[in-house]
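Student:
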Amino acid sequence: MKEKFRLAVCQMNVVDNKEVNIFKAHELLVRAAENCAEIAVLPEMFNCPYDSSKFREYSENADNGQTIKAVSKTAKELDMIIVAGSIPEMYEGKIYNSCFVFDKSGELIGRHRKVHLFDVDISEGIAFRESDILSAGSGITVFDTKLCRMGIAVCYDMRFPEMIRLMALKGAKLVIMPAAFNMVTGPAHWELLLRTRALDNQIYTAAASPARDESATYISYGNSMIVGPWGDVISRAAEKENIIYADIDLSTVERIRNELPLLKHRRHDVYDIKEI
Numbered sequence: 301m302k303e304k305f306r307l308a309v310c311q312m313n314v315v316d317n318k319e320v321n322i323f324k325a326h327e328l329l330v331r332a333a334e335n336c337a338e339i340a341v342l343p344e345m346f347n348c349p350y351d352s353s354k355f356r357e358y359s360e361n362a363d364n365g366q367t368i369k370a371v372s373k374t375a376k377e378l379d380m381i382i383v384a385g386s387i388p389e390m391y392e393g394k395i396y397n398s399c400f401v402f403d404k405s406g407e408l409i410g411r412h413r414k415v416h417l418f419d420v421d422i423s424e425g426i427a428f429r430e431s432d433i434l435s436a437g438s439g440i441t442v443f444d445t446k447l448c449r450m451g452i453a454v455c456y457d458m459r460f461p462e463m464i465r466l467m468a469l470k471g472a473k474l475v476i477m478p479a480a481f482n483m484v485t486g487p488a489h490w491e492l493l494l495r496t497r498a499l500d501n502q503i504y505t506a507a508a509s510p511a512r513d514e515s516a517t518y519i520s521y522g523n524s525m526i527v528g529p530w531g532d533v534i535s536r537a538a539e540k541e542n543i544i545y546a547d548i549d550l551s552t553v554e555r556i557r558n559e560l561p562l563l564k565h566r567r568h569d570v571y572d573i574k575e576i
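Residue numbering for the sequence shown follows our numbering, beginning at 301 and increasing consecutively.
Rendered as structure tokens:
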């Protein structure tokens, strides 16, 4: 594992055409590699409009999916770890909102199926029910890479602090969150959540959003962001397609945890969090 490495977060335009989306993702990943990124992140539902009526049409099997094959090939070509945002994954007749992670040889090293489904009805805001078409995952996803141990959460998962705390307790120093907040929840909660998850667990957090498309049925907030373990915003996109970068220094995690030992000061005799 490495103490220092460059992370890229790709905020991309997503359209109603899988082939175009795959090509755009490849184009952004090449640019990230040219700028010395060793790991790059794509947005939630990067191959598919964030529209529940489209999820089945765009869904793929992990073994032979067009998108998955393309990203695996790109990871190998670019010698770069790729966190492939999320796509609709078809498995045993069910559709999951799944994030696939590939190492520098193009091998699959991690997969997270979104655990918390976005079923909301905000008065004078937005109504959306992922559970009408998607099934929920059931695991905490933490795994090792050649750079560091990391965790994956997808969008609505980030609102559940116990989940991210468990990732930190399992040794994750970077938690990556492909996400597509909307124009109601984004301005209100996006930065607050990303900074809080980083601050509470003294980890790096990185969130990759689709770029904003005012003509879409679901309008993403954008504002992809990378936050440091002190809760500081290192890099932030606006609403348009862009790539943001951060030079990750894992020694910062250890220094902050030694100076302000939140995890050590937890009262196990009073409360605890555990995975079931």
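We treat Cβ as the ideally placed atom computed from N, Cα and C, and that holds for glycine.
Model, not experiment: these values are computed from the prediction.
Only counting the same chain, and skipping five residues up and downstream in sequence, which positions put a Cβ closer than 7 Å to that of cysteine 336?
Tutor: Along the sequence shown, read from residue 1 onward, the residue named residue 336 stands at position 36. For cysteine 336, where only same-chain residues beyond five positions count, the Cβ hits under 7 Å are Arg306.
Student: Can you tell me which of the three DSSP states serine 551 falls into?
Tutor: Within the sequence shown, numbered from 1, the residue matching residue 551 stands at position 251. Residue state, collapsed to three classes: helix.
Student: Taking DSSP's pairing of strands, which residues face methionine 583 in a bridge?
Tutor: No information on residue 583 is available, as it lies outside the stretch 301 to 576 that the chain covers here.
Student: Does DSSP put threonine 367 in a helix, a strand or coil?
Tutor: Residue mapping note: residue 367 aligns to position 67 of the sequence shown, counting from 1. In the structure shown, threonine 367 sits in a helix (DSSP, three-state: H, G or I).
Student: Just list the alpha helix (DSSP H) runs in the region 439-507, keeping only unbroken ones of 4 residues or longer that don't cross its boundaries, in chain order.
Tutor: The qualifying runs are 461-469, 485-501.
Student: With distances taken Cα to Cα, identify the nearest neighbour of methionine 483 among Lys318, Ala538, Pro561, Arg465.
Tutor: Residue numbering aside, residue 483 sits at position 183 when the sequence shown is read from its first letter. Nearest option by C-alpha distance: Ala538.
Student: Between methionine 312 and proline 478, how many whole angstroms is the CB-CB distance? I'm expecting something under 8 Å.
Tutor: The count along the sequence shown starts at 1 and reaches residue 312 at position 12. The count along the sequence shown starts at 1 and reaches residue 478 at position 178. No, methionine 312 and proline 478 are not in contact; Cβ-Cβ is about 11 Å, not under 8 Å.
Student: Grouping DSSP H, G and I as helix and E and B as strand, with all else coil, what is tyrosine 545?
Tutor: For the purposes of this step, residue 545 is taken as residue 245 along the sequence shown, with counting starting at 1. Looking at tyrosine 545 - three-state DSSP - the assignment turns out to be strand.
Student: According to DSSP, which residues form a beta bridge with methionine 525?
Tutor: Translated into the one-based positions of the sequence shown, residue 525 becomes position 225. DSSP, once it has assigned bridges, lists Ala507, Arg536 as partnering methionine 525.
Student: Can you pull the DSSP bridge partners for aspartate 403?
Tutor: Residue 403 sits at position 103 when you count from the first residue of the sequence shown. Answer is none; aspartate 403 lacks a bridge partner.
Student: Answer with buried or exposed for glutamate 462, where buried requires no fewer than 16 other C-beta atoms within 10 angstroms of its C-beta.
Tutor: Here residue 462 corresponds to residue number 162 of the sequence shown, with the count starting at 1. Glutamate 462 is exposed by the Cβ-count criterion.
Student: Taking C-alpha atoms, which residue in Met345, Val442, Ala308, Cys310 lies nearest to asparagine 317?
Tutor: Indexing the sequence shown from 1 puts residue 317 at position 17. Closest by alpha carbon: Met345.
Student: Leaving aside the five residues before and after arginine 429 along the sequence, list all residues of the same chain whose C-beta is less than 6 Å from its C-beta, in chain order.
Tutor: Indexing the sequence shown from 1 puts residue 429 at position 129. Once the five neighbours on either side are set aside, the close Cβ partners of arginine 429 are Asp419.
Student: With a Cβ-Cβ cutoff of 8 Å, do proline 529 and threonine 552 count as a contact?
Tutor: On the sequence shown, residue 529 is found 229 positions in, with the first residue counted as 1. On the sequence shown, residue 552 is found 252 positions in, with the first residue counted as 1. Contact flag set, yes.
Student: Taking the alpha carbon of isoleucine 339 as the point to measure from, which residue in Ser535, Glu554, Glu514, Asp403 has its own alpha carbon closest?
Tutor: Locating residue 339 in the sequence shown gives position 39, where the first residue counts as 1. When each option's Cα is compared against that of isoleucine 339, the closest is Asp403.
Student: Bridge partners for lysine 304 per DSSP, in chain order?
Tutor: Reading the sequence shown from its first residue, position 4 is the one you call residue 304. DSSP output for lysine 304 lists Asp549 as bridge partner(s).
Student: Suppose the cutoff is 7 Å on Cβ atoms and the five residues either side in sequence are ignored; what does the same chain contact list for leucine 466 look like?
Tutor: One-based indexing of the sequence shown puts residue 466 at position 166. Answer for leucine 466: Ile440, Ile573, Glu575, listed in chain order.
Student: Take aspartate 379 and list the residues in its own chain whose beta-carbon comes closer than 8 Å to its own, dropping the five residues that flank it on each side.
Tutor: Mapped onto the sequence shown, residue 379 falls at position 79. Hits under 8 Å: Ala333, Lys404.
Student: Taking the alpha helix (DSSP H) that arginine 331 falls in, what are its first and last residues?
Tutor: As a working note, residue 331 is residue 31 in the sequence shown. Element bounds for arginine 331: 318-334.
Student: Looking at the unbroken alpha helix (DSSP H) that takes in phenylalanine 355, where does it start and where does it end?
Tutor: By 1-based counting over the sequence shown, the position of residue 355 is 55. Residues 355-358.
Student: Taking Cβ to Cβ, would you say isoleucine 387 is nearer than 8 Å to asparagine 347?
Tutor: As a working note, residue 387 is residue 87 in the sequence shown. As a working note, residue 347 is residue 47 in the sequence shown. A contact, by the Cβ cut-off of 8 Å.
Student: Along the chain, where does the beta strand (DSSP E) containing aspartate 379 start, and where does it finish?
Tutor: As a first step, residue 379 is located in the sequence shown; it is residue number 79 there, counting from the start. Premise fails: aspartate 379 is in no beta strand (DSSP E) and is neither H nor E.
Student: Output the distance between the C-alpha atoms of lysine 446 and glutamate 303, rounded to the nearest integer angstrom.
Tutor: Here residue 446 is taken as the residue at index 146 of the sequence shown, counted from 1. Here residue 303 is taken as the residue at index 3 of the sequence shown, counted from 1. Approximately 10 Å, taken between the alpha carbons.
Student: Where alanine 516 and proline 349 are concerned, what is the direct C-alpha to C-alpha distance, given to the nearest angstrom?
Tutor: The sequence position of residue 516 within the sequence shown is 216, counting from 1. The sequence position of residue 349 within the sequence shown is 49, counting from 1. Their Cα atoms are separated by approximately 8 Å.
Student: Opposite leucine 408 in the DSSP bridges: which residues?
Tutor: The residue given as residue 408 occupies position 108 in the sequence shown. Answer is Phe402, bridged to leucine 408.
Student: Use the C-beta contact count for isoleucine 422: other C-beta atoms within 10 angstroms, 16 or more gives buried, fewer gives exposed.
Tutor: Within the sequence shown, numbered from 1, the residue matching residue 422 stands at position 122. Exposed: under 16 other Cβ atoms inside 10 Å.
Student: Short check: CB of cysteine 399 to CB of valine 454, under 8 Å?
Tutor: Position 99 of the sequence shown, counted from the first residue, corresponds to residue 399. Position 154 of the sequence shown, counted from the first residue, corresponds to residue 454. Closer than 8 Å, so yes.
Student: If contacts are defined as beta-carbon pairs under 8 Å, then tyrosine 504 and valine 527 qualify, I think. What distance do you get, rounded to the angstrom?
Tutor: Position 204 of the sequence shown, counted from the start, is the residue given in the question as residue 504. Position 227 of the sequence shown, counted from the start, is the residue given in the question as residue 527. With 8 Å as the limit, tyrosine 504 and valine 527 qualify as a contact, their Cβ atoms being about 7 Å apart.
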